[in-house]
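K.L.:
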Amino acid sequence: MLLRTLIISATVLWNLAVLLGTLAIFAGYSTGVEWLEYPGWASAMLLLSFLLIGIWAVLLFDRRSTGRAEVAQWYLVAAFCWFPWVYGTANLLLVWKPIQASAQGPIQSWYCGSLLALWLLPVALASAYALLPRLLGNHLNRRHLATLGFWMLLLLGGWNGMDRLIGGPVPAWMTSAGVVAGVLFLIPLFMISINLLGMVRKRAIVAGSISCRFLLMGLYALITVGVIGAIASLPDVSGAVRFTAFTEAKTQLLILGAISLPLFGLLYESLPQLLGRDCWSPVLSGRHYILTLVGLGMLVTLMLLGGLFTGLALADPTVSFLNITSYSYPFHVMECVAQLLLLIAALILGANITIALAGDYLLNKKTGK
Amino acid sequence: MHRLPTLLSGIFLVFLTSWLGLVAYPSLQLGRLTPVADADNGGSLPPTYGGQAIAGQRIYATEGCISCHSQQVRQTSITTSDVDRGWGVRPSVARDYLRDSTAFLGSRRLGQDLSNVGVRRPDAKWHFIHLYHPSTVCEGSLMPCFSDLFLVRKIQGQKSDDALNLTGEDAPKDGYEVIPTADAKNLVAYLLSLRHDYPLPEAPVKKNGAAK
Amino acid sequence: MNHDHHNNQHENGSEETSRPLSPWLVGAFMLALCWGGFYLAFNSGGFRQDVYESNAVNWAGGGVAAAAPVDPKVVGKRLYNQNCVVCHQASGMGVAGQFPPLVGSEYVLAEGNMGDNHLVMLVLNGLQGHFMVKGQAYNNAMVPWKQLSDEQIADILTYIRSDWGNNAPPITPDFVAQIRKETASATDSYTQEQLMAMPAMKPAASQGSAPAKK
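These protein sequences, in sequence, are chains A, B and C.
Going left to right, the first sequence walks through residues 977 to 1345 as my numbering numbers them.
Going left to right, the second sequence walks through residues 512 to 723 as my numbering numbers them.
Going left to right, the third sequence walks through residues 6 to 219 as my numbering numbers them.
1) Show which residues of chain B have a CB atom less than 9 Å away from the CB atom of residue 57 of chain C.
2) Do residue 1175 of chain A and residue 1116 of chain A have their CB atoms nearer than 9 Å?
3) Quick one: does residue 1138 of chain A have its CB under 9 Å from some CB of chain C?
4) Does the stretch 1128 to 1136 of chain A come close enough to the stretch 1264 to 1276 of chain A to have 3 or more Cβ pairs within less than 8 Å?
5) For a cutoff of 9 Å on Cβ pairs, would you count residue 540 of chain B as touching chain F?
6) Specify the secondary structure class of residue 529 of chain B as computed by DSSP and reduced to three states.
7) When you compare the stretch 993 to 1002 of chain A with the stretch 1012 to 1032 of chain A, are there three or more beta-carbon pairs, one atom per stretch, that lie closer than 8 Å?
8) I'd like to know if the stretch 1070 to 1077 of chain A and the stretch 1209 to 1219 of chain A are in contact, where contact means that at least 3 CB-CB pairs between them fall below 8 Å.
9) Is the stretch 670 to 685 of chain B in contact with the stretch 522 to 539 of chain B, if contact means three or more CB pairs nearer than 8 Å?
10) What residue does the alpha helix (DSSP H) around residue 1266 of chain A start on, and which one ends it?
11) How long is the line joining the alpha carbons of residue 1096 of chain A and residue 608 of chain B, rounded to whole angstroms?
12) Note down, in chain order, each residue of its chain lying with its Cβ closer than 7 Å to the Cβ of residue 1048 of chain A, except the 5 sequence neighbours on either side.
13) Does the CB of residue 1250 of chain A have a neighbour CB from chain B at under 9 Å?
14) If you draw a straight line from the C-alpha of residue 657 of chain B to the C-alpha of residue 1177 of chain A, how long is it?
15) Just verifying my parser: in three-state terms, what is the DSSP assignment at residue 57 of chain C?
16) Taking residue 1178 of chain A as part of the alpha helix (DSSP H), name the residues at either end of that continuous run.
17) Residue 54 of chain C touches chain B at which residues, Cβ-Cβ below 7 Å?
18) Rounded C-beta distance between residue 1190 of chain A and residue 1265 of chain A? I'm assuming under 8 Å.
19) So with Cβ pairs under 9 Å, would you call residue 721 of chain B a contact of chain C?
20) Would you kindly work out how many angstroms separate the C-alpha atoms of residue 169 of chain C and residue 92 of chain C, rounded to a whole number?
21) Once the 5 residues before and after residue 613 of chain B are set aside, which same chain residues still bring their CB inside 8 Å of it?
22) Residues in the same chain with beta-carbon distance under 6 Å from residue 1052 of chain A, minus the five sequence neighbours each way, listed in chain order, please.
23) At a CB-CB cut-off below 9 Å, which residues of chain C make contact with residue 1296 of chain A?
24) Excluding the 5 residues flanking residue 119 of chain C on each side, which residues of the same chain have their C-beta closer than 7 Å to its C-beta?
25) Going residue by residue through the stretch 142 to 184 of chain C, where are the continuous alpha helix (DSSP H) segments of at least 4 residues, counting only ones entirely within it?
26) Looking only at DSSP bridge pairs, what is residue 662 of chain B linked to?
27) Taking Cβ positions only, does residue 1312 of chain A come closer than 9 Å to chain B?
28) Rounded to whole angstroms, how far is the Cβ of residue 166 of chain C from the Cβ of residue 129 of chain C, which I believe are closer than 8 Å?
29) In the DSSP assignment, find the beta strand (DSSP E) that holds residue 136 of chain C and state where it starts and stops.
30) Does residue 1205 of chain A get closer than 9 Å to chain B when you measure Cβ to Cβ?
31) The alpha helix (DSSP H) with residue 569 of chain B in it runs from where to where?
32) If we ignore side chains and look at the alpha-carbon of each, how far apart do residue 1320 of chain A and residue 1267 of chain A end up?
33) Write down every uninterrupted run of the alpha helix (DSSP H) in the stretch 1220 to 1251 of chain A whose length is 4 residues or greater and which is fully enclosed by it, in chain order.
34) CB-CB under 7 Å to residue 616 of chain B, same chain, minus the five flanking residues each way: which ones, in chain order?
35) Are any of the Cβ atoms in chain A nearer than 9 Å to that of residue 637 of chain B?
36) Going along chain B, which residues have a C-beta under 9 Å from residue 145 of chain C?
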């Protein structure tokens, strides 16, 4: 009973914090710190909600522990440890009691890198590690790779954020650390991806299971993120493309691809289990899958190309800024179209979930549950 | 590795490395930088902000300027294009942000870098018109109009000194004038105070166009 | 990596085979780490807090890395493209009969009776009426550019003196400032007569000698 109360109140509090924080930004109370724009009280609510979730997770883990932690569990433990530490530190030093602004740059970059690589990504990878063996009917065949990938991801994830500040107002060693971390970050991503992709034997299984397809696409996205990140972190490339859509493309691919796609896979796998029946509409699921992939592919390609051209133009001081603006405008328009495709895909997913839950509700009503 | 305590301590130690390097070190070193004395003019560098500029920082934050504008001139060992473009006479260093409440470093340049906009565009009137309708003064600009920072009101008696000098389509109806609100004035005061053109021990300024 | 057939032996789900990593992978991994180590060692400015340029290695701990000097010609070219190209064109050839060329122009190169001061004065305060450039007659007006800063004017002039085959010494911002101060009382654009009435100044000889007042 305690577990249920905890998780339900945490969920309500989290959603409330997100709603109020977003409204506060519209009302003009944004903090102006990138990725921490929620006013201080909203992020405090989020942190409190997360602490409740954390307590719930620890209790759950304790009660059902089999004594040996699986790979998926490593990632979840790491993510759960890391989020309050990173979110709390970043908010404390940047929003609640801001320290002197000369130090804020590295801290904010550390926060951005850690948020993606050490909180969201481990959660997505945990779903992959948990689900793929079962869906593919296979075992993880190279535990060394999994171990090595895990620890290297953790080591480099925080430092990887510094690729946002290559050449920035920080001591030279931080710039170099950003370059090195950005390039080496490819290694754990590569290891994890081939570790999981190496489990695929029969294509038929993959084709038949939508969550499998989402999970695998997420892993391909992950490799691509590593490659883009490594290229974009090289000092000469960064000098040209930083501040353009090229580096933004890496972030978008990480969030919308490497993190979201495995989580979609998790959703498609877990909802039928929760409801005890096969609840997804195959048509809507298929549409969602295709539209997401097309939208994401289009968005990332356009951002990479547009960012590259913009960056090369920006690097030439004889090209005036307004010229660059008008030159990159068509790319922005097409990126908007790609985002619309993603929006439609999300709406289709929303409809799918609503139908599944509504169907469940009506079914329960009929059987008098 | 398989048991929770080992896993937890390993995770903690590994996290600690990036926390030490990117949070503890900046807080203790960069966070304790102090202003330096200005040999030429008395006072200290970086120069202090006036009250309006401090208020303007809040407007900069809430209007979301950071989503399109950066405020850093990059080191020349990475790229010389920022300095060549005239966005600054020297690369920015950490001490430049000493007086800010939030370092608006930025990560996109959909608009120009603003770290030296007080040097490039020292005219407040230009800034007011630019905020009101950017494409009037910058043709083809994608910047949205921040017309909510301005008031369109009936001219009472004489035209106000603050009134924007607008022509063509931007001009208000006859008998009306566009004046900046306090928010707009604070924001522009902040923009005019943005300059990283003074020398610092770690960032000397070389006069360009040196004689043969 | 996909072709392993050992897997089917382990059915109970709690054992995963731990085949050793491919040597290629390990090799590539080690190589990457080595690169990372070397890069960090040589591009971190000695890990000093006050060194911001990553190509300064101060192992001895001495000195501070200085920012690379800006090339005035590059800045000047950009400013030229923004301000002057409309009339004088990107080729510096101007428009025949309308806008005089800058290529080989005696005004730009300070040849003959022209001095560096004439060039700076006409950029600051403008030129109007009839004038001759390279034997061609023009009757046009050049707007004053005194709203540009001393550095900006010096950069533009240095640039036009070095491109398109022109080769003349650079103009310094201090010289522009000096001329600006001396001609501060000018209210109207010069005519060619007024300009040539003032003695030519080459910067090396200009220290201390005052031009005729306008």
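We treat Cβ as the ideally placed atom computed from N, Cα and C, and that holds for glycine.
P.N.:
Let's see:
1) Residues of chain B passing the Cβ test: 586, 588, 602, 603, 604, 605, 713, 714.
2) Yes, the Cβ-Cβ distance between residue 1175 of chain A and residue 1116 of chain A is below 9 Å.
3) For residue 1138 of chain A, the answer is no, since every Cβ of chain C falls outside 9 Å of its Cβ.
4) The answer is no - the stretch 1264 to 1276 of chain A does not touch the stretch 1128 to 1136 of chain A, with fewer than three Cβ pairs under 8 Å.
5) No chain F appears in this structure, whose protein chains are A, B and C.
6) The three-state secondary structure of residue 529 of chain B, taken from DSSP, is helix.
7) Yes, they touch.
8) Judged by Cβ distances under 8 Å, the stretch 1070 to 1077 of chain A makes no contact with the stretch 1209 to 1219 of chain A, as fewer than three pairs qualify.
9) Verdict: no, contact absent.
10) Segment 1258 to 1291, the alpha helix (DSSP H) holding residue 1266 of chain A.
11) C-alpha separation (whole angstroms): 31 Å.
12) Cβ within range, chain order: 1102, 1105, 1106.
13) No Cβ of chain B is located within less than 9 Å of the beta carbon of residue 1250 of chain A.
14) Looking at the two C-alpha atoms, the distance is approximately 57 Å.
15) Correct three-state label for residue 57 of chain C: coil.
16) Here residue 1178 of chain A belongs to no alpha helix (DSSP H), and DSSP marks it neither H nor E.
17) Within 7 Å Cβ-Cβ: 540.
18) Taking a contact as a CB-CB distance under 8 Å, the pair residue 1190 of chain A and residue 1265 of chain A counts as one, their CB atoms being some 7 Å apart.
19) For residue 721 of chain B, the predicted model reports a pLDDT of 32, less than 50, meaning its position is unreliable; a value from the coordinates is still stated below. For residue 721 of chain B, at least one C-beta of chain C is nearer than 9 Å to its own C-beta.
20) Taking the straight line joining both Cα atoms gives about 16 Å.
21) Annotation for residue 613 of chain B: 568, 572 place their beta carbon closer than 8 Å to its own, counting only its chain and skipping 5 residues before and after.
22) Closer than 6 Å at Cβ, skipping near neighbours: 1102.
23) The answer, in chain order, is 83, 86, 87.
24) Beyond the five residues adjoining it in sequence on each side, residue 119 of chain C comes within less than 7 Å, by CB distance, of 111, 112, 205 in the same chain, given in chain order.
25) Runs of the alpha helix (DSSP H) inside the stretch 142 to 184 of chain C: 155 to 165.
26) Answer is B/690, bridged to residue 662 of chain B.
27) By this cut-off, residue 1312 of chain A is not an interface position.
28) So it is not a contact: roughly 16 Å between Cβ atoms.
29) It spans 135 to 138 - the beta strand (DSSP E) in which residue 136 of chain C sits, taken as one unbroken run.
30) With 9 Å as the cut-off, residue 1205 of chain A does not count as an interface residue toward chain B.
31) Run containing residue 569 of chain B: 562 to 573, per the alpha helix (DSSP H) assignment.
32) If you draw a straight line from the Cα of residue 1320 of chain A to the Cα of residue 1267 of chain A, it is about 8 Å long.
33) Runs of the alpha helix (DSSP H) inside the stretch 1220 to 1251 of chain A: 1221 to 1228, 1236 to 1251.
34) Within the same chain, residue 616 of chain B has close Cβ partners 581, 582, 583.
35) Closer than 9 Å: no.
36) Simply none; closest approach about 26 Å.
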